[in-house]
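Student: There's a structure below that I have some questions on.
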Amino acid sequence: MPTITLDAISKQYSRQATAVQNIDLHIKSGDFMCLLGPSGCGKTTMLRMIAGLEHLSQGRLFIGDQLMDSPADGCFVSPEKRGLGLVFQSYALWPHMTVEQNIEFGLRLRKLPERERRTRTGEVMDKLGIASYAKRYPSQLSGGQQQRVALARMMVLKPKVLLLDEPLSNLDASLRLEMRAELKRLHQAFDTTILFVTHDQWEAMTLATTIAVMSEGQLQQVGSPDDIYARPANRFVAEFIGNPPINQIAADSTLGSRLNSQPDTHMLGIRPEDIHLTQAATPYALPAKVQGIMPTGGSWVLDLETEGQCLQLSTQIRPQVQAGEHTFCQIQPEHLHLFNTDGHRLENTRYGQARIIRNNVSTTTYMHAV
Amino acid sequence: MPTITLDAISKQYSRQATAVQNIDLHIKSGDFMCLLGPSGCGKTTMLRMIAGLEHLSQGRLFIGDQLMDSPADGCFVSPEKRGLGLVFQSYALWPHMTVEQNIEFGLRLRKLPERERRTRTGEVMDKLGIASYAKRYPSQLSGGQQQRVALARMMVLKPKVLLLDEPLSNLDASLRLEMRAELKRLHQAFDTTILFVTHDQWEAMTLATTIAVMSEGQLQQVGSPDDIYARPANRFVAEFIGNPPINQIAADSTLGSRLNSQPDTHMLGIRPEDIHLTQAATPYALPAKVQGIMPTGGSWVLDLETEGQCLQLSTQIRPQVQAGEHTFCQIQPEHLHLFNTDGHRLENTRYGQARIIRNNVSTTTYMHAV
Amino acid sequence: MVGWITTALPNKRGLQLSLKDPATLLGLGLLTTFSYLILAPVISILMDAVNVNFGDSTRIGAEQGSFTLYYLERVFTSPISQRLFWQPLLNTLSVAIGAMCIAMVVGGIMAWLLSRTNLWGRGWFATALIVPFMLPTWTFALAWTTLFKNRSMGGQPGWLESMGYSSPDWLAYGPVPMIFILALHYIPLVILLFGNALRRLDSQLEDSARILGASRSTVAFRIILPLMRPALMSAMVLILADALGEFAVPYILGLPVQYDTLSTSLFRAISSRQTGVASVLAGAIMVLGCITLTIDLYLMREARRFVTLGGKGAMERRRPLGIWRLPATLLAATLFIIGVVLPLLTLFLSTIMRIPGRFHLSNFTLDYWIGTNLNTIALKNGILLTPEFWSATWNSLRIVGTASVCAGLLGLLVGYVVTRTPWRWLASSLRQLTFMPYLVPGIAFAAATLSLFAVQRGPVPALYGTSMILMLALIADQMPFASRAGISAMTQLGKEPEEAAQISGASWLRRMWSIIVPIQKGALVVGIVLPFISGIKGVSLFIILAVPATEVLTTYSLRLVDYNYTQAANAVVLMIAMLAWGGTILTQKLTKTGLAQGLES
Amino acid sequence: SESTALDDLIAAARQEPAITVYDSTGKIVEQAANFSARYGVQAEGVKSKAPHTLERIIREAQANNIQTDVAILADAPAAVAQLLDTGFAVNWFPADLAAMVDERYRDPLAIVMAPNVWTYNTALHNHCPIDNIWELTEPEWERRVALQDPLGKPSYVDWFNQMAQHGDEAMAAAFEARYGHPLPDTEESATAAWVKALAANAPLLTDSDSNAAEAVASPDQQDSFLGLTSTAKFRDNADGMKLGICEDLDPWLGWTYPSIGLIASGTQSPNAAKLFLYYLLTEEGIAPQAQDGKISTRSDISLPETEPSGIGALKAQLFDYSPSTAIDDWENRQDWQDLWMLNYRR
Ligand SMILES: Nc1ncnc2c1ncn2[C@@H]1O[C@H](COP(=O)(O)OP(=O)(O)OP(=O)(O)O)[C@@H](O)[C@H]1O
Ligand SMILES: Nc1ncnc2c1ncn2[C@@H]1O[C@H](COP(=O)(O)OP(=O)(O)OP(=O)(O)O)[C@@H](O)[C@H]1O
Ligand SMILES: [Mg+2]
Ligand SMILES: [Mg+2]
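Residue numbers (the working numbering), protein chains in the order written: chain A, 586 to 955; chain B, 586 to 955; chain C, 221 to 821; chain D, 45 to 390.
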């Protein structure tokens with residue numbers, strides 16, 4: 586089972602356009618890793634480099650033990666020899682082949698006997714619900730159908746490493762669920778190492794065994810879904826993951842200084858669901874004014890004002906206050922995320938490692954409304 | 586403000602491929618209508634017909650009072666004269682123009698003075714976060730950046746009718762939120778009539794004023810988000826919308842006959858969140874065995890077995906039972922959806938119109954986990 | 221250009237990578253091959269321009285073979301230069317540019333009608349309108365004079381003249397008819413190259429402009445034309461270069477009114493064996509061609525902007541013409557009548573009339589086609605009953621057919637290298653090199669090729685005297701068509717389809733064979749058909765390089781002229797056109813492409 | 045001894061590989077076939093224009109890969125300057141024919157002389173409308189003289205040079221006969237004066253012999269043209285053309301131009317090549333070309349009765365080309381072209 590190792594890789598498209606910068610990443614064999622990051626942060630570029638469609642500008646790339654690409658050593662293994670699968674963000678279907686031929690192509694290359702080719706192609710087309718278009722050309726398909734053909738083309742090969750670039754973006758909810766299940770099955774049945782790009786945080790959180798968060802070509806954090814949510818390595822990750830987004834409080838604001846006394850702290854973060862309303866002034870309670878209440882489907886988001894600072898609070902218990910009312914809110918110090926001037930996470934030492942490790946479930950609670 | 590009226594329109598690509606069949610639809614001026622439907626059901630085709638890029642095979646199409654296309658009358662108004670905007674599912678950016686030129690093109694056509702063109706282009710690029718790529722060509726952009734350029738190209742024109750074909754599918758969560766807000770603003774500020782295709786039910790439910798559900802080229806139901814969810818017109822709509830999907834119980838099964846005695850009923854539907862666990866045998870209670878419990882982020886989905894039938898139950902209250910335990914579940918008759926042999930909804934007369942009309946909020950509760 | 225080459229030189233890493241890159245390796249291979257096949261002959265031709273030629277030593281007063289500026293001076297600065305070069309240059313440019321503009325406009329419109337609309341009889345017109353390119357240009361000139369000839373020419377009166385209208389000289393001879401005829405001749409080239417590119421254009425790109433309110437003309441000028449630039453430029457440079465070298469039409473229609481072009485000057489120098497002057501003139505034509513090419517190179521430098529066939533769901537929709545359907549069809553029909561029916565008819569009539577242009581029943585005969593026991597010396601039967609005709613036909617088909625298939629494939633490879641190699645100098649030198657033969661006078665090129673292949677050089681045995689040398693020379697000679705077709709097509713194909721195949725594990729060969737070639741089927745067909753047509757009606761290469769066993773139709777026809785069997789000779793020409801047409805149809809059938817068809821069929 | 049020499053040649057030729065013969069007339073195919081039939085020596089004839097053949101021989105010689113063994117070139121000056129003087133080809137004359145072939149035809153060996161004659165339309169005139177060549181330069185014939193483009197047809201300029209060399213007095217005399225006073229000596233030569241005047245009289249230039257003939261003598265032609273065409277064109281009179289020779293034109297009714305026979309220096313079959321040249325100098329050998337009115341340089345071979353132009357009888361009125369001064373033609377070719385080019389007007 587192949588592992589993928591990126592050793593300080595970078596990619597510059599031109600002098601001005603650096604797409605990926607100095608990334609170290611280790612993808613374990615059998616991993617289901619999800620790449621998350623804002624649009625244009627270099628996810629596609631990463632996948633393309635791993636696939637060999639883009640040359641590294643710097644660094645080294647290994648698949649298994651084998652060096653695949655390294656400008657310093659002058660080594661480069663061409664994509665067709667890397668034996669991995671890639672589903673393109675833009676599908677890249679072959680316009681001159683029918684759906685069936687598109688899917689069958691890889692099997693033909695592997696010189697499978699006609700019978701087996703037929704059955705495997707038929708199977709995967711059935712699974713992805715495109716069997717009835719087998720004889721059509723890509724230009725005669727709808728967007729979602731094209732995307733499924735692109736997926737089918739790779740799945741039929743059962744590659745050991747599968748790179749997926751937003752493979753479900755044009756599919757409807759129920760198809761998406763089915764495809765997801767299909768991917769999971771593939772991952773488990775063939776122990777495929779999967780690297781997956783998605784914009785759907787919920788998808789990332791539920792599918793992935795590991796999540797890698799990128800921003801502006803740099804890796805921000807790699808960890809389990811839980812880790813990423815509960816212990817964001819820096820302000821970017823904290824902000825990017827979670828909905829409503831984390832509240833940020835400057836350490837030198839009135840509120841900030843009240844909450845925190847740890848040195849070096851520049852910014853404090855508190856997730857909306859970690860703020861609680863209380864009726865009375867308990868130890869950590871702060872007086873707050875409710876600015877607004879938004880129901881967002883089974884949960885509520887409250888806009889609070891505390892010591893001149895706006896905070897969002899989210900709760901699953903129907904709030905007993907009205908907009909405009911004064912009340913108290915409570916922030917447990919151990920729930921605070923501390924970041925230094927560079928935006929890096931500081932260990933919340935003052936309050937020890939008191940933070941309760943959340944389980945997967947609670948982490949994802951706030952993901953789904955994205 | 587233009588309304589759009591489709592009068593029994595159909596589209597056949599070839600003898601075998603009928604993409605759209607006999608659709609009547611009225612889109613009111615200032616409407617924010619969302620087209621929902623499985624992949625390949627004809628959504629793109631509909632938009633293209635309204636835009637005039639595809640000729641009707643049958644029927645008539647009006648925009649405002651003006652007949653736009655009617656094969657019977659030999660009338661056809663070409664797309665450039667219809668004055669509406671369309672964001673293509675595949676972007677259709679012009680590869681030979683820079684981002685800026687792509688966006689500016691429509692303004693140039695309208696002969697706006699250079700100054701105004703500049704400011705408007707600049708504005709929209711800023712809003713969509715693509716200002717720094719102004720001088721790049723589309724092939725040098727990431728997928729999400731391209732999609733934003735496609736969106737910008739239309740938004741800059743502030744058209745009276747805007748047709749959007751999955752315009753946010755390649756964007757990350759936070760951008761998506763921003764874009765959505767932007768669309769809403771556009772809709773309100775300029776009273777734009779918007780027809781929107783999305784695969785994201787949550788997006789549909791929260792953005793749209795009206796939802797049209799399609800399947801296999803036919804219109805299944807048109808109504809407010811609430812309506813669609815609470816009163817699905819047929820089995821397809823009931824199944825397609827909602828996650829976890831609605832439970833279906835054959836009327837002639839043991840359970841079915843216990844729950845219902847209305848004639849003509851062929852199938853009963855009950856939404857997972859309308860099933861409740863109780864500890865004791867209350868009037869409507871049924872004995873059930875818990876097969877499994879899945880936490881899905883702030884809510885839980887339980888697989889139950891009742892009278893030989895599998896049911897899914899979803900709840901936001903942490904269930905107090907364990908997998909394998911025996912318990913009771915309760916289904917209020919007024920929550921049942923009844924469908925006849927053709928799959929059409931039957932009014933649930935026996936229990937009167939007792940059903941509480943849910944508000945928008947609660948409806949969407951079960952959407953977001955899609 | 222030199223500075224630019226140095227900046228484009230790859231660094232060490234680039235070098236390592238490129239040397240593993242099939243495109244670059246292939247490119248280097250092609251470069252070597254074509255340097256040998258094309259560059260060497262071209263250089264040897266140009267050398268004659270500055271070396272004292274055989275028999276000129278007395279006049280110049282220097283040893284034969286020594287360096288001299290005499291020829292250059294004669295052509296550019298001597299008192300005669302005005303008549304020898306400058307005036308012809310001006311004339312050449314006006315004719316070439318005029319013909320090119322008309323051909324581009326009319327051909328462009330026709331290509332669009334044929335490939336993107338529901339014109340009546342698209343499929344049929346798509347093949348029929350190619351015919352003008354299959355007829356030698358002089359047949360148009362013949363048709364023209366038959367119609368418009370006036371008294372100043374004497375001889376059999378023109379048709380208009382016999383109907384009582386005497387056409388003025390400017391209509392009968394000189395630039396006007398030349399431009400018109402050459403435009404007619406080149407329209408098919410535009411239809412083929414441009415139409416082929418249009419078919420690969422995602423119609424959604426058009427759609428999105430129309431949605432924004434762009435009128436038809438705006439869509440055409442702001443969206444379609446810029447995107448079609450590779451194909452348009454290819455058609456343009458091919459037309460310009462060919463028109464620069466076009467000899468027959470200017471000679472026939474220009475002589476009566478003393479309207480000379482560079483090619484007529486060149487022809488005169490060659491036929492009176494003034495090799496030095498001929499080389500200078502050939503060089504001048506090459507320089508003009510190179511200027512065109514440089515413009516092309518400049519305009520095409522950012523190739524990625526012209527990728528119209530990417531990965532994401534392209535759409536091919538035909539636009540209904542509405543009320544314009546009939547007028548558009550009539551336009552096509554008119555073009556067909558003027559460009560095909562008229563010349564073919566005059567040509568055909570000239571094969572069945574004993575005395576040209578004389579419409580008496582007794583003057584008509586089918587003897588030249590199917591007569592037997594004719595009372596003539598060398599042609600006992602009509603050509604269709606003459607074995608020599610058939611053996612020449614077979615030679616033509618065999619030699620030209622093989623050469624054009626090779627050229628077509630090589631052209632596509634050139635296109636591949638030009639668009640894919642990271643080495644810009646490699647791309648541009650291949651581009652220029654493969655275009656050269658077009659600018660070189662056929663006889664000079666053939667003679668130079670002969671010197672190259674008459675002896676064994678390295679691994680290449682002495683090929684002179686075999687049909688192999690003809691094929692090689694034909695391939696080299698027809699590379700301009702093939703490579704332009706390949707380059708313009710490849711420029712518009714994105715990398716993604718190939719990358720997808722690469723990911724599936726397809727080797728380079730496999731990718732070429734299963735992905736690139738099929739997607740570019742249309743371009744390949746153009747790259748085969750154009751060389752085939754131009755090769756089968758070509759003369760000069762055969763005249764120098766052929767040996768008796770390889771007599772082809774064109775040389776056979778020339779021989780007939782010599783026997784004064786003009787009618788039979790014209791009949792052979794007609795048969796050549798028919799073969800070209802048949803070959804075109806066959807290629808399209810075999811590859812299942814037609815200009816009017818879409819990608820899916 | 046004559047016949048033994050020939051027999052030896054034939055015997056030697058039969059031992060040699062087949063030869064290829066290039067000529068600018070298509071008749072060579074037939075002649076070569078006849079030759080093979082006659083002597084059992086394989087020969088193949090190929091039609092190819094003079095510049096092409098010259099190019100071919102030079103390149104073959106340079107590459108030392110000889111495929112062309114014999115060439116019959118209708119461009120005597122170039123043949124001399126570029127093949128004989130450079131040694132790429134050699135001249136050979138069968139000594140036993142010395143009695144029948146005039147000295148000036150021997151080096152280089154001229155095989156046939158092709159007559160070009162001034163013609164008129166016999167339907168419009170009973171006899172030639174002019175009787176002095178200078179009349180062609182007069183206003184009456186402005187734009188009414190048809191001839192091939194001298195710049196594209198080097199034999200025409202060679203003819204100018206030959207006239208200036210060998211016939212200038214006759215030209216001057218003809219001028220005086222026409223105008224009653226001698227040519228003012230402002231010109232280099234009478235010929236030059238005539239060429240200038242002809243060029244300035246806007247003659248109709250054609251791209252081929254046939255077109256010149258048609259301009260003059262198409263059956264439905266209504267305007268009177270005079271033309272310069274080869275005698276081969278008279279064959280078309282059988283099909284209704286109305287060509288007539290301008291008999292008794294002063295000083296000549298036309299001129300001849302030779303085809304030079306050469307043997308490639310490196311040929312593998314020198315004897316077969318010689319034999320072929322010899323054969324062309326026989327009545328049988330030259331017959332196919334004699335049909336076109338081409339006159340053998342052998343004085344004892346006359347044109348056949350069936351020759352349509354009847355030039356055989358008028359041989360004396362032709363200005364005859366002297367191959368032996370061909371090199372002078374070569375050297376002056378360019379000057380004559382320039383003269384024509386600078387004076388031509390249309
Ligand atoms: N050119 C064509 N020829 C034949 N069938 C076509 C053609 N274009 C589209 N179709 C078919 O028409 C149906 C509707 O296509 P359409 O693109 O409208 O679907 P859609 O609802 O937009 O789907 P998606 O969500 O996947 O984009 C599909 O089944 C598709 O396969
Ligand atoms: N050919 C190119 N030349 C210059 N810059 C490029 C090129 N291709 C991509 N880029 C830039 O590199 C950055 C990373 O692109 P990439 O496609 O990897 O983003 P991504 O993370 O996949 O984004 P998305 O989610 O929008 O698809 C982007 O800012 C993009 O504009
Ligand atoms: Mg991407
Ligand atoms: Mg669609």
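Built from N, CA and C at the ideal position, the CB exists for glycine as well.
1) Who are the neighbours of residue 240/C on chain A, taking C-beta pairs under 8 Å?
2) Do residue 803/A and ligand 2 come close, with the Cβ less than 7 Å from some heavy atom?
3) DSSP state of residue 828/B, grouped into three classes?
4) Classify residue 612/A as buried or exposed, calling it buried when 16 or more other Cβ atoms lie within 10 Å of its own Cβ.
5) By Cβ distance, which residues of its chain are closer than 8 Å to residue 592/A, with the 5 residues on each side in sequence left out?
6) Taking Cβ to Cβ, would you say residue 102/D is nearer than 8 Å to residue 126/D?
7) Looking only at its own chain, which residues have a Cβ that is under 8 Å from the Cβ of residue 870/B, when we skip the five neighbours before and after it?
8) State the Cα-Cα distance for the pair residue 378/D and residue 294/C, rounded to the nearest angstrom.
9) Would you say residue 519/C reaches chain B, if we count a Cβ-Cβ gap shorter than 8 Å as a contact?
10) Per DSSP, what kind of secondary structure is residue 744/A in: helix, strand or coil?
11) Take residue 747/A and list the residues in its own chain whose beta-carbon comes closer than 6 Å to its own, dropping the five residues that flank it on each side.
12) Would residue 709/B pass as an interface residue toward chain C - the criterion being a Cβ-Cβ separation below 8 Å?
13) Within 8 Å (strictly less), CB to CB, does residue 624/B reach chain A?
14) Within the chosen definition, does the stretch 421-441 of chain C reach the stretch 491-498 of chain C through at least 3 CB pairs nearer than 8 Å?
15) Would you identify the three-state DSSP class for residue 172/D, choosing helix, strand or coil?
16) Quick check on DSSP: helix, strand or coil for residue 317/C?
17) Going by beta carbon distance, what residues of the same chain come within less than 6 Å of residue 720/B, once the five residues before and after it are set aside?
18) Strictly by DSSP, which residues pair up with residue 161/D?
19) If the cut is a Cβ gap below 9 Å, which residues of chain A does residue 632/B touch?
20) Would a check of beta-carbon distances place residue 725/C closer than 8 Å to chain A?
21) Can you find a heavy atom of ligand 2 that lies under 7 Å from the Cβ of residue 630/A?
22) Go through its chain and collect everything with a Cβ distance to residue 807/B's Cβ below 6 Å, but skip five positions before and after it.
23) Kindly give me the distance between the Cβ atoms of residue 449/C and residue 526/C, rounded to whole angstroms, as I take these residues to be in contact under 8 Å.
Tutor: The relevant details are as follows:
1) 661, 663
2) no
3) coil
4) buried
5) 609, 644, 645, 646, 647
6) yes
7) 863, 913, 914, 915
8) 11 Å
9) no
10) coil
11) 670, 777, 779
12) no
13) yes
14) no
15) coil
16) helix
17) 683
18) 273/D, 298/D
19) Those within 9 Å of residue 632/B in chain A number zero; the least Cβ separation is about 11 Å.
20) yes
21) yes
22) 797
23) 6 Å
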